[in-house]
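Chemist: Per my numbering: the sequence shown = residues -5 to 128.
C-beta: ideal position from N, C-alpha, C; glycine also.
The structure is given below, and queries will be raised subsequently.
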Amino acid sequence: MIVLNKVFHFCAAHQYGNPEMSEAENLATFGEDLNVHGHNYELTVSITGEVNPASGFLVDLGHVKDVVKEYVISLVDHSLIEKDIPWFKGKQPSTENMVVWIWEQIAANLKDGKLHRIRLQETPTIYTDYYGPQ
């Protein structure tokens, strides 16, 4: 299996908290992340499929770049995720939820290849991988 990876970067802010929980419960669950804070994210989009024998390529990287920029980066870059992106209404803006949203955005618009994995790195030591819905 061949897996092609393309890396993107964006900056975004978020704030955790659950209005159903008390202040003490929110503090115990989210700690300092109750405050608005931001990250410089690294997004890796991994695609698999058959290599086109004529071109030697798995996908048109220009198309992949256009899809990710239009349907992900342009929406999330310099945003307050849970306020600016309607999909996050009632959801925590965690990397665990973000990878699902990103997958949906890309999979719906990718014309060639098959989305294999979304990796979203939030900090040098924290990243989340998503391999799509079951």
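In terms of DSSP beta bridges, what is VAL1 paired with?
Modeler: Numbered from its first residue, the sequence shown carries residue 1 at position 7. Answer by DSSP bridge pairing, in chain order: THR38.
Chemist: Roughly how far, in whole angstroms, is the beta-carbon of VAL93 from the beta-carbon of GLU36, given that I think they are within contact range, below 8 Å?
Modeler: The residue labelled residue 93 in the question sits at position 99 within the sequence shown. The residue labelled residue 36 in the question sits at position 42 within the sequence shown. Not a contact, Cβ separation roughly 12 Å.
Chemist: For the 8 Å Cβ check, are there 3 or more pairs between the region 17 to 26 and the region 101 to 113?
Modeler: no
Chemist: Taking DSSP as the reference, what is the three-state secondary structure of ASP27?
Modeler: Within the sequence shown, the letter at position 33 stands for residue 27. Helix.
Chemist: Taking the alpha carbon of SER73 as the reference point, which residue from PHE82, ALA7, VAL(-3), TYR125 has its own alpha carbon closest?
Modeler: Sequence index remark: in the sequence shown, residue 73 carries index 79 (1-based). Looking at the Cα atoms, ALA7 is the closest of the given residues.
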